[in-house]
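Engineer: Would you mind keeping the following structure in view while I ask a few things?
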Amino acid sequence: MLHKLEVLFLKIYMFIFKLVTMIMPFRWPKTFEGADSSLKLVQFMASQGHKNILVVTDAVLIKLGVLNKIFDELQRLGIAYHVYDGVEPNPTVAQIESGYDLCDKHDCKAILAVGGGSPIDAAKMIGARAKNKKPIVKMTGLFRVYRGMLPLYAVPTTAGTGSECTIAAVVTDPVQRKKLAAMDLQLMPTAAALDGALMTGLPAHITAATGMDALTHAVEAFVSRNAFGRTDEKAIEATKLIMKHLDTAVTDGSNVEARQQMARASHLAGIAFTQAGVGYVHAIAHKFGALYHTPHGLANAIVMPHVLDYSVDNCAPRLAYLAKACNIGPAGGTDRQLADAFIQRIRDMNAKFGIPTQLDKLKASDITEIAQSALAEARFTYAVPRYMDMPTAEGVIRKMLMAA
Ligand SMILES: NC(=O)c1ccc[n+]([C@@H]2O[C@H](COP(=O)([O-])OP(=O)(O)OC[C@H]3O[C@@H](n4cnc5c(N)ncnc54)[C@H](O)[C@@H]3O)[C@@H](O)[C@H]2O)c1
Ligand SMILES: [Fe+2]
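In terms of this note's numbering, the sequence shown opens at residue 416 and continues consecutively.
Right, here's the structure in full:
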């Protein structure tokens, strides 16, 4: 148990954090939505006078031809572009540096990021690196991107991280064995396109994992003590859309309508957590990503039921609200029954999507390091509904250990 005074101190700190977040001047991206919205985004870039840009993406998307129509549109509009496709899942500092070298070499004045959270986050840091001329790691943490970034236009191809509308960029530092988050208002993209048709080739297991990431954003934002009316509205809408469309997006990947609705859900969840924050699910999942390269969405999906089981004592009415909004649980059930039904639904979704309840790579000898890292990440950043101390965090993480 954390000392009562410590919990009180953290609550007061987080309350001040909440007030600051509520009045901070967020500049949300101009958003294009629907069929060929990615091309409309390119046209918007042209209207902004961009003539020489860096396209940040990954090699898989290039190989699949996901960007072909976008390249055609750039050519048609006479925008010169240079492609950096060296981003891999959980992008590293070195990959960002390589992208920056290309950007600098060709003197690109804006960036178009097309991809999942990895290329969009990498693009944010490449753009920040171009403006700040200081090491990537020094820009991680809160509000350390002093001089902004190059104008960034984002097309998410997963649904997803919501990175196209967040002020965060997550970078892996293999030296520290950590995932580091840069959070700064200036990391918000200028504009974004939610083009579900670009997602039809996303394999079922990645669709499931990334969809569960979006669900984690919505749920952690909703149970956060920093939630307020605007974030609640987005988190509820996102949760409803995910509960309705994720299954179809996974089982019938070519269903453009389900893809489009999931793109919207991911975007709304991104807006919600940008102001309300996430929680211990992300804090633990980030360390899994850093230590074992576990894909971000998969890590969240595995961790979420375990953390919610612990948190439910302090947020049953909030989870019950989400359950009712999604028609989950017994009619007339108590808050606790509905909250438990909501958590059970998450377990059922994981089971259906083939997502395990334990992490096969998790080593017993790493549990203390993971717990320390998660508690440190959450302490002054996330307004979690129920705090953990070290033994509790270790206990929650131990539940994800495969039986020997
Ligand atoms: N900035 C934020 O606010 C934020 C929020 C949550 C997570 N993240 C970060 O985002 C990263 C994860 O991003 P992600 O989950 O979107 O995955 P990702 O970008 O790492 O992509 C996962 C895989 O899916 C493939 N892929 C992507 N789109 C595809 C498509 N349309 N068709 C076929 N294959 C496709 C990629 O090539 C890659 O192999 C992590 O580093 C995570 O920490 C950032
Ligand atoms: Fe996430």
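Glycine included, each C-beta is placed from N, C-alpha and C at the ideal position.
Run through DSSP, which three-state label would I657 get?
Structural biologist: DSSP places I657 in helix when its eight states are reduced to three.
Engineer: Within 8 Å: the Cβ of T631 and any heavy atom of ligand 2?
Structural biologist: Yes - ligand 2 has a heavy atom lying nearer than 8 Å to the Cβ of T631.
Engineer: Per DSSP, what kind of secondary structure is M439 in: helix, strand or coil?
Structural biologist: Of the three classes helix, strand and coil, the one that applies to M439 here is coil, per DSSP.
Engineer: Going by C-alpha to C-alpha distance, which of S681, C518 and E809 sits closest to H632?
Structural biologist: Looking at the Cα atoms, S681 is the closest of the given residues.
Engineer: Can you give me the start and stop residues for the beta strand (DSSP E) that Y568 sits inside?
Structural biologist: Segment L567 to P571, the beta strand (DSSP E) holding Y568.
Engineer: In angstroms with no decimal places, state the Cα-to-Cα distance between D500 and L617.
Structural biologist: C-alpha separation (whole angstroms): 17 Å.
Engineer: Taking Cβ positions, are V590 and Y695 nearer each other than 9 Å?
Structural biologist: No, the Cβ-Cβ distance between V590 and Y695 is not below 9 Å.
Engineer: Give a yes or no on whether the C-beta atoms belonging to G556 and L600 are separated by under 9 Å.
Structural biologist: Going by C-beta atoms, G556 is not nearer than 9 Å to L600.
Engineer: Note down the Cα distance separating M764 from T772, rounded to an integer number of angstroms.
Structural biologist: So the alpha carbons of these two residues sit roughly 11 Å apart.
Engineer: Checking contacts by CB at 9 Å: is A735 closer than that to chain B?
Structural biologist: Absent here is chain B; the protein component of the structure consists of one chain.
Engineer: Report, in whole angstroms, the separation of the C-beta atoms of G712 and T625, which I expect to be a contact under 8 Å.
Structural biologist: With 8 Å as the limit, G712 and T625 qualify as a contact, their Cβ atoms being about 4 Å apart.
Engineer: Which same chain residues end up closer than 7 Å to R544 when comparing Cβ atoms and leaving out the 5 residues on each side of it in sequence?
Structural biologist: Answer for R544: I511, Y515 and I551, listed in chain order.
Engineer: Give a single yes or no on whether S578 has its beta carbon closer than 8 Å to a heavy atom of ligand 1.
Structural biologist: Yes, Cβ of S578 sits closer than 8 Å to a heavy atom of ligand 1.
Engineer: Following the continuous beta strand (DSSP E) through Y499, name the residue where it begins and the one where it ends.
Structural biologist: A495 to Y499 is the span of the beta strand (DSSP E), which, as asked, contains Y499.
Engineer: Determine the DSSP secondary structure at D588, reduced to helix, strand or coil.
Structural biologist: Looking at D588 - three-state DSSP - the assignment turns out to be strand.
Engineer: Under 8 Å by Cβ, that's how I've got L527 and I438 pegged, so tell me the actual separation to the nearest angstrom.
Structural biologist: About 32 Å; that fails the 8 Å criterion.
Engineer: Curious, which full-length alpha helix (DSSP H) runs of at least 4 residues does the segment 688 to 754 contain?
Structural biologist: With a minimum length of 4 residues, the continuous alpha helix (DSSP H) runs that stay inside the segment 688 to 754 are 695 to 707 and 711 to 740.
Engineer: Where M540 and A746 are concerned, what is the direct C-alpha to C-alpha distance, given to the nearest angstrom?
Structural biologist: Approximately 48 Å between the Cα atoms of the pair.
Engineer: Any heavy atom of ligand 2 within a distance shorter than 8 Å of the CB on N715?
Structural biologist: Checking every heavy atom of ligand 2 against the Cβ of N715, one is found closer than 8 Å.
Engineer: Can you round the beta-carbon distance between G611 and T573 to whole angstroms, since I take them to be within the 8 Å contact cut?
Structural biologist: With a Cβ gap of about 11 Å, G611 and T573 do not count as contacting.
Engineer: Can you look up F447 in the DSSP assignment and give me helix, strand or coil?
Structural biologist: If DSSP states are grouped into helix, strand and coil, F447 belongs with the strands.
Engineer: From which residue to which residue does the alpha helix (DSSP H) around L630 run?
Structural biologist: A619 to V638 is the span of the alpha helix (DSSP H), which, as asked, contains L630.
Engineer: Hey, L567 and G542 are a contact pair by Cβ (cut 8 Å); roughly how many whole angstroms apart?
Structural biologist: The pair is a contact, with the Cβ atoms about 5 Å apart (cut-off 8 Å).
Engineer: If contacts are defined as beta-carbon pairs under 8 Å, then R679 and L609 qualify, I think. What distance do you get, rounded to the angstrom?
Structural biologist: Indeed they touch by this definition, with Cβ atoms about 6 Å apart.
Engineer: Please report the straight-line C-alpha distance between A789 and G810, rounded to a whole angstrom.
Structural biologist: Roughly 13 Å separates the two Cα atoms.
Engineer: Pull up the distance between the alpha-carbon of L816 and that of G744, whole angstroms please.
Structural biologist: Cα to Cα, L816 sits roughly 29 Å from G744.
Engineer: Do G769 and H660 have their C-beta atoms within less than 9 Å of each other?
Structural biologist: No; because the gap between Cβ atoms is not below 9 Å, this pair is not in contact.
Engineer: Could you say if the segment 639 to 649 and the segment 664 to 674 meet the contact criterion of at least three C-beta pairs nearer than 8 Å?
Structural biologist: In short, these stretches do not touch, since the Cβ pair count stays below three.
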